[in-house]
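Scroll down for the structure; my scribbles are underneath it.
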Amino acid sequence: MIRLVSLAALLLLWQIGAWLSDPHRLPGPVAVFEKIYEEALSGALFSNLAITLARVVAAFALAMSFGAAIGYFMGRNKLADRLLDPWLVALLNLPALVVIVLAYVWAGLTEVAAIGAVALNKLPNAIVVVREGARALDPHLEDMAWVFRFSPAARLKHLVLPQLAPYLAAATRSGLSLVWKIVLVVELLGRSNGVGFEINMAFQLFDMKLLLAYALPFVALMLGVETFLVQPLERHVSRWRRGVSRRLDRI
Amino acid sequence: MNDTSRAGGAASLDVSIASKDYHSASGRPLRALEDLRLTLPAGKAGAVVGPSGCGKTTLLRLIAGLDKDFVGTIALPEHGRLGMAFQEPRLLPWRSVSDNIRIAAPHVSEAEIAALLDELGLAEHATHFPRELSLGLARRVALARALAVKPDLLLLDEPLVSLDAALARDLREMIARLIDERRITTLIVTHDLREAIALGDKLFLLSARPAHVLATLDVPTPRRHLEKEAAEIIEARAREALAKARAEPPQSKQ
Ligand SMILES: Nc1ncnc2c1ncn2[C@@H]1O[C@H](COP(=O)(O)OP(=O)(O)O)[C@@H](O)[C@H]1O
Ligand SMILES: [Mg+2]
């Protein structure tokens with residue numbers, strides 16, 4: 091309810107701003123929604139959103155799986171941690187733009203370079219968060235699993251993943267928002283489709299309606315993924331913390 | 008220098024530890040166990056009694072193979088399938104009671120798990136999560152988990168500590184019944200002499216740290232029929248043996 095009020099207030103402010111300024115600088119909501127409708131009818135909006143979303147998913151999956159594996163390894167192995175930590179610090183401090191440009195220079199303006207560059211930008215953060223989780227694994231449970239001869243699969247499924255879940259959720263949350271943003275930059279610099287490419291086109295033509303017609307649905311999509319995918323997933327993995335969950339599970 | 012073999016023999020559990028030191032980052036090593044020997048026949052329950060901090064948990068960790076940094080040898084029962092209840096329950100907090108048992112004993116049938124839960128009075132708690140359980144119940148779940156794997160050797164670390172008197176008595180009777188019926192070779196460690204007499208066929212009285220066995224005492228079986236007076240006589244004998252062992256010069260320890 092409060093969210094709706096806040097959203098309505100934002101729309102109102104936008105409308106007022108549009109009245110006060112030149113429509114070429116800030117078109118009003120109605121004009122933008124008309125443009126969105128137009129782009130949707132032609133199919134361009136959806137294909138561009140889908141392409142961008144696919145890049146986000148690919149880069150995110152790549153960064154999270156490598157990040158989780160490397161982070162776990164560094165969290166459990168002191169020598170590996172000491173060896174790899176300087177690399178990690180370097181990667182953490184490397185500007186996103188440098189990674190992207192280098193990737194395009196070395197691998198060409200290709201899909202692999204684009205997705206790889208985004209994944210590489212997210213990777214160090216995933217490593218750091220999962221490493222923290224791996225360091226915090228309960229040694230008491232570790233001993234218990236050893237005594238009862240847990241298989242490696244059982245250990246991973248019942249011992250490691252449940253303990254890493256809050257860290258993976260945190261990495262997912264911060265990672266998704268980072269990946270969304272960097273994918274647009276990568277598209278702008280070296281791809282010929284996707285939301286970032288369209289926004290660049292709109293910028294070149296100074297078409298603010300087109301720019302907003304891509305920016306808004308994109309933000310809406312991000313919010314949708316966060317609200318309907320990430321948050322429910324987070325609640326699901328931490329349900330054992332709440333006493334009532336057991337009963338809810340059975341209903 | 009250590010050797011944990013799985014060879015069976017007349018004696019089911021044969022422990023001979025020359026020394027066990029802990030190395031802290033700073034300072035000199037801390038000797039937890041020294042020249043500790045004990046032998047437990049197959050199917051018997053041994054109760055190790057010693058003051059807090061003498062090295063009882065350390066001893067169990069060495070027997071369980073959780074710590075291999077010691078000098079000495081430990082021969083486990085044949086097959087060496089281990090069941091253990093730690094001093095804390097150590098259940099998986101994100102899994103239900105029955106899942107906790109199922110995960111530790113994946114080859115055991117559902118019917119057997121259900122029967123075990125029933126036997127330990129846990130049937131109505133099968134779907135509960137560990138945080139919904141009292142300490143007494145959580146201990147019983149940990150015990151059920153240790154029994155579910157059908158162990159050749161059962162290790163129990165202070166199974167009754169921090170329970171109130173009535174709960175401790177119930178659980179003690181339950182443990183005594185379970186290990187008597189199943190004839191599992193069991194090693195229980197406790198700081199409480201009465202508890203040890205109630206649970207063990209054989210008592211091992213430990214010194215203060217570094218721990219070694221000061222005296223060994225047999226408890227007449229079957230324990231269940233042990234009269235209160237008889238238990239008191241054994242207790243008096245144990246205290247006498249302890250006093251005598253302590254009075255003797257240290258080089259005479261076996
Ligand atoms: N991991 C460890 N590192 C250093 N010292 C330890 C460690 N574990 C136990 N100790 C010390 O060893 C001694 C014996 O401990 P413990 O076996 O837990 O005793 P108990 O179970 O009989 O109370 C204690 O003095 C304890 O402080
Ligand atoms: Mg202890």
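Quick mapping for you: the protein sequence lines, in order, are chains A and B. Under this note's numbering, the first residue of the first sequence is numbered 91, with each subsequent residue one higher. Under this note's numbering, the first residue of the second sequence is numbered 8, with each subsequent residue one higher. Just so you know, even glycine gets a beta-carbon here, dropped at the ideal spot from N, CA and C. In this text, all values refer to a predicted model and were calculated from it rather than measured experimentally.
Beta strand (DSSP E) segment containing residue i, residue limits
i: LYS209(B); result: 209-213
i: MET91(B); result: 89-92
Continuous alpha helix (DSSP H) stretch holding residue i: start and end
i: MET312(A); result: 298-315
i: THR46(B); result: No alpha helix (DSSP H) holds THR46(B); the beta strand (DSSP E) holding it covers 37-48.
i: ASP187(B); result: 172-189
i: PHE123(A); result: 119-132
i: PHE293(A); result: 285-295
i: TRP109(A); result: 92-110
i: THR262(A); result: 251-280
i: VAL189(A); result: 186-197
i: ARG109(B); result: 104-111
i: GLY60(B); result: Counting along the chain, GLY60(B) falls outside any alpha helix (DSSP H), and DSSP gives it neither H nor E.
i: PRO322(A); result: 321-327
i: VAL179(A); result: 168-183
i: LEU98(B); result: It is not in any alpha helix (DSSP H) - LEU98(B) carries neither H nor E in the DSSP assignment.
i: ALA118(B); result: 117-126
CB-CB length for residue i against residue j, believed under 8 Å
i: LEU89(B); j: ALA71(B); result: 6 Å
i: LYS105(B); j: LEU127(B); result: Residue identity differs from the one stated: residue 105(B) is Ser in this sequence, not Lys. That belief does not hold up - the Cβ atoms of SER105(B) and LEU127(B) are roughly 12 Å apart, past 8 Å.
i: PRO279(A); j: ILE217(A); result: Note that residue 279(A) corresponds to Leu in the displayed sequence, not to Pro. About 25 Å separates the two Cβ atoms, so there is no contact after all.
i: GLY87(B); j: ILE24(B); result: Actually they do not touch by this definition, with Cβ atoms about 18 Å apart.
i: ILE81(B); j: VAL22(B); result: 5 Å
i: LEU20(B); j: ASP28(B); result: So it is not a contact: roughly 23 Å between Cβ atoms.
i: VAL56(B); j: HIS198(B); result: 7 Å
i: ALA92(B); j: ALA149(B); result: 4 Å
i: LEU170(B); j: GLY143(B); result: 5 Å
i: ALA49(B); j: PRO84(B); result: 6 Å
i: GLY53(B); j: LYS209(B); result: 5 Å
i: ALA243(A); j: VAL327(A); result: 18 Å between Cβ atoms; not a contact.
i: GLY284(A); j: VAL275(A); result: Actually they do not touch by this definition, with Cβ atoms about 11 Å apart.
i: LEU67(B); j: LEU140(B); result: 23 Å between Cβ atoms; not a contact.
i: PRO191(B); j: PRO166(B); result: Pro is not the amino acid found at residue 191(B); the sequence shown has Ile there. In fact, because the Cβ distance is near 14 Å, the residues do not count as touching under 8 Å.
Short CB-CB distance (under 9 Å) between residue i and chain A
i: GLY72(B); result: yes
i: VAL168(B); result: no
i: ARG97(B); result: yes
i: VAL156(B); result: yes
i: PHE93(B); result: yes
i: PRO113(B); result: yes
i: LEU89(B); result: yes
i: ARG253(B); result: no
i: ILE81(B); result: no
i: ARG146(B); result: no
i: ARG189(B); result: no
i: ARG244(B); result: no
i: ILE262(B); result: In this structure chain B extends from 8 to 261, so residue 262(B) is not present and cannot be described.
i: ILE110(B); result: yes
i: ARG201(B); result: no
i: LYS27(B); result: no
i: ARG68(B); result: yes
i: ARG102(B); result: yes
i: ARG35(B); result: no
i: ARG176(B); result: no
i: ARG184(B); result: no
i: LEU20(B); result: no
i: ARG44(B); result: no
Chain B within 9 Å of residue i, Cβ atoms only
i: MET84(A); result: Any question about residue 84(A) goes unanswered here, given that chain A covers just 91 to 341.
i: PRO252(A); result: yes
i: LYS125(A); result: no
i: ALA226(A); result: no
i: ASP233(A); result: yes
i: LEU249(A); result: yes
i: ALA244(A); result: yes
i: GLU324(A); result: no
i: VAL237(A); result: yes
i: HIS114(A); result: no
i: ARG340(A); result: With a pLDDT of only 38 at ARG340(A), under the threshold of 50, the placement of this residue in the model should not be trusted, and no figure is reported.
i: ARG336(A); result: Confidence is the limiting factor: at ARG336(A) the pLDDT is only 42, short of 50, which leaves the residue's position unreliable, though a coordinate-based value still follows. Yes, contact with chain B.
Bridge partners - residue i, DSSP secondary structure assignment
i: ILE195(B); result: ALA54(B) and LEU163(B)
i: LEU224(B); result: LEU210(B)
i: ALA218(B); result: LEU40(B)
i: TYR29(B); result: LEU37(B)
(request) Could you tell me which uninterrupted alpha helix (DSSP H) segments, each at least 4 residues in length, are contained entirely in the stretch 128-163 of chain B, listed from first to last along the chain? (result) 142-155
(request) Can you check the stretch 202-228 of chain A for any alpha helix (DSSP H) of at least 4 residues that lies completely inside it and give the ranges in chain order? (result) none
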